[in-house]
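**Q** What follows is a structure written as structure tokens; I'll ask about it next.
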Amino acid sequence: MTTTTGDARSIGLGAQGLPIERLADILRQRVAATPTKVALRENSGDTSFAELDARSSQFAQALLAAGVKAGDRVAMVCANDRYFVEFMFGATKMGAIPAPINLRLVPAELRGVLSVCEPTLLYVGAGCEALMPAPGDIPGLQTLLDTAGYEKLIAGHSTDDPGYQAGASECQLIQFSSGTTGQPKGIMLSGRNFSAALTGVADRVDIDENAIAMAPVPFFHITGLVLALTAINKGSILLLKMPAGPADLIRLLVEEGVTHAVGVPTLIQMISQSPAAKDADWSKLKYFVYGGAPMPRPAITAATEVLECGLIQGYGMTETTAGVTTLWPEDHLPQPGRDRVVGSVGRPMDGVEIRIVDPATGRVVQTDERGEVQIRGPWVTQGYFNRPEETAAALVGDGWLRTGDGGSLDADGYLYLHDRIKDMIVSGGENVYPAEIESVLSAHPDIAEVGVIGIPSHKWGESPHAVVVPKPGSHPTEVDIIAWSRENMAHFKCPVSVSFVGALPRNPSGKILKRALREGVAELP
Ligand code: AMP
């Protein structure tokens, strides 16, 4: 079955009512409309749209002066602060491609990501200093900047926008995911992709110049980034104060008068379980958009009871520039005869096509039948940077994106997700790819073989668990393997538990049977 809803109105409009064809259009139109309004709010103070525009243009001019050319990649490891926003707009104003990188990686992982996008410049922001590579360490990297270096680089440059006009399908930004092979992949997103992502939810949630938007999730992930772009496009204040924990998040949401928030399910669960949430005044909060991982039904019910705002679930991937289906607030409420809809991820947004395909035969299946979810529309990436084979494997027959998610569509066009076809684990909103963990753990001196699966976690949704075959004569311990993992991988990827077996279950072609591993682990005491 294939489903698509409504017409194909999927071109976002900017503050001047003109179509958005490229990332810089968002800021260019906004600054023309409301230059003096507050764009960004941080602990250190507010930044207006005019200031954001001027400083991002200075960065663009500095890049040109440094010999950076259109199409060159410029990478950043940076928190959700004004430097992130300036860097992104500045780079695209002169045609460079910004590549934001996860700040929780360890140095070896960062090197892997940099070798994929081959940037000419890397900015390492405040709080990420430990990731600063030594000069000459990364081939091709000509400029290394910390915050002081960035300030020095842009100082004295003109505040004129160089005015680069990227084509609508030109790559405008690269986001990273590790993918099933365990190798980092750079997902290329175009102006057309971002334009589509600024329609749909953004047009239906009263987000405007009076709104205060907050994404307590990183901008180096697509959900956070799209919220930031939406806020700037609509002239809202983008709150860049990062909470220290759930209670602090509740305080910020309430005290700062946040009207629109975006987060992953674990975050909403933490909020609704916190005693502070029950007495909080939620009257300002209009919408909380969540997605990126399954949200258990009891958690949805608890959230609807605690948070007195519209809950919207989105389903999508980085490859689809964030959400392409939406479960609207009314779908969260109990409705006679339509109760099962709460268990879905909603219906496709206008202009998105979804079909369910039998992965074995490639046949499009019938209503309610299960298969692989495939997505088509202007949201979908044109592929992975410098990875033609992986692009060809992901984008099949006429622009359909293989998601690796198992799902079914009902007669009303609601999408239900079932088992993942890919082995991915989602832990606290971060995607974790077993293949990547397995390849790191295989280098442990006492490990002969290892298989990694996700196990349920009350706090994080899922957590990685490693099933290890020790090398003959060696006796590694769980503590030892976890400690070793922490030295070699970002913490969110490290197994939380380890079990030991004599051999891994494999199919005749040698592939680890993950289902058998899961069943084995479920039986452990
Ligand atoms: P990412 O590329 O990091 O955005 O991850 C995309 C993947 O997250 C999807 O392919 C799904 O497996 C999962 N995902 C995203 N949204 C949802 C959702 N609403 N419910 C369940 N899983 C989701």
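Counting from 1, position 401 in the sequence shown corresponds to residue 385 in this note's numbering; the numbering is continuous, with no gaps. Ideal Cβ placement from N, Cα and C applies to all residues, glycine included. Being a predicted model, the structure only gives us computed values, none of them experimental.
#1: Do Gly445 and Pro278 have their beta-carbon atoms positioned less than 9 Å apart in this structure?
#2: Take Gly388 and list the residues in its own chain whose beta-carbon comes closer than 8 Å to its own, dropping the five residues that flank it on each side.
#3: Does the count of Cβ pairs from the segment 169 to 181 and the segment 140 to 152 closer than 8 Å reach three?
#4: Taking only heavy atoms of the ligand AMP into account, decide whether any of them is closer than 8 Å to the Cβ of Thr288.
#5: Alpha carbon to alpha carbon, what distance is there between Gly247 and Pro282?
#6: Which first and last residues belong to the alpha helix (DSSP H) in which Gln45 is found?
#7: In this structure, how does DSSP classify Trp384 when only helix, strand and coil are distinguished?
#8: Return helix, strand or coil for Cys155, following the three-state DSSP convention.
#9: What whole-angstrom Cβ distance do Val290 and Ala245 have, given they're in contact under 8 Å?
#10: Can you tell me the Cα-Cα spacing of Arg360 and Asp263, whole angstroms?
#11: How should Ser469 be labelled, buried or exposed, when 16 other C-beta atoms within 10 angstroms of its C-beta is the threshold for buried?
#12: Taking 9 Å as the threshold (C-beta atoms), are Ala180 and Pro320 in contact?
#13: Does the Cβ of Gly(-2) have 16 or more other Cβ atoms within 10 Å, making it buried, or fewer, making it exposed?
#14: With C-beta atoms as the reference, is Thr351 less than 9 Å away from Asp394?
#15: Classify His141 as helix, strand or coil using the three-state DSSP reduction.
#16: Please indicate yes or no: does the CB of Thr243 lie closer than 8 Å to some heavy atom of the ligand AMP?
#17: For the segment 163 to 251, which segments carrying the beta strand (DSSP E) assignment without a break, of at least 3 residues, lie completely within its bounds, in sequence order?
#18: Quick one, which of Phe71, Val416, Val505 and Ser411 has its alpha-carbon nearest Val452's?
#19: Please state if the CB of Leu269 and the CB of Val242 are separated by a distance shorter than 9 Å.
#20: Nearest-angstrom Cα distance between Asp(-9) and Met473?
#21: Please report the distance separating the alpha-carbon of Phe43 from that of Thr302.
#22: Quick check on Thr131: does DSSP put it in helix, strand or coil?
#23: Using only alpha-carbon positions, find the residue among Asp430, Leu401 and Val424 that is nearest to Gly96.
#24: Below 8 Å, how does it come out for the segment 13 to 24 and the segment 113 to 120: are there three or more Cβ pairs, yes or no?
#25: Check Tyr67 in the structure and name its three-state DSSP category.
#26: Where DSSP assigns a beta bridge to Met301, which residues make up the other side?
#27: How many angstroms separate the CA atom of Pro227 from the CA atom of Ile196?
#28: Which one or two residues does DSSP pair with Glu433 in a beta bridge?
#29: Taking 9 Å as the threshold (C-beta atoms), are Glu240 and Gly219 in contact?
#30: Kindly provide the ranges of any alpha helix (DSSP H) runs that are 4 or more residues long and lie completely inside the segment 78 to 120, ordered along the chain.
#31: Ala(-1) lies in the beta strand (DSSP E); which residues open and close that run?
#32: Use the C-beta contact count for Arg345: other C-beta atoms within 10 angstroms, 16 or more gives buried, fewer gives exposed.
#33: Kindly indicate the opening and closing residues of the alpha helix (DSSP H) around Ala23.
#34: Return the Cβ separation of Ile437 and Lys498 in integer angstroms, given the expectation that the two are a contact with Cβ distance under 8 Å.
#35: Buried or exposed: which applies to Leu89, given that a residue is buried once 16 or more other Cβ atoms fall within 10 Å of its Cβ?
#36: Taking the alpha carbon of His205 as the reference point, which residue from Asn86, Gly307, Asn27 and Val410 has its own alpha carbon closest?
**A** Considering the structure as presented:
#1: yes
#2: Thr164, Glu356, Arg404, Ile405, Lys406 and Met408
#3: yes
#4: no
#5: 18 Å
#6: Phe33 to Ala49
#7: strand
#8: strand
#9: That belief does not hold up - the Cβ atoms of Val290 and Ala245 are roughly 14 Å apart, past 8 Å.
#10: 44 Å
#11: buried
#12: no
#13: buried
#14: yes
#15: coil
#16: no
#17: 169 to 174, 196 to 198, 221 to 223 and 244 to 247
#18: Val505
#19: yes
#20: Confidence at Asp(-9) is low in this model, with a pLDDT of 42, below 50, so the placement of that residue is unreliable and no value is reported for it.
#21: 26 Å
#22: helix
#23: Val424
#24: no
#25: helix
#26: Ala306
#27: 16 Å
#28: Val453
#29: no
#30: 91 to 101
#31: Segment: none, Ala(-1) is in no beta strand (DSSP E) and carries neither H nor E.
#32: Checking the displayed sequence, the identity of residue 345 turns out to be Thr instead of Arg. By the 10 Å Cβ count, Thr345 comes out exposed.
#33: Per DSSP, Ala23 belongs to no alpha helix (DSSP H); it is in the beta strand (DSSP E), Val22 to Glu26.
#34: 6 Å
#35: buried
#36: Asn86
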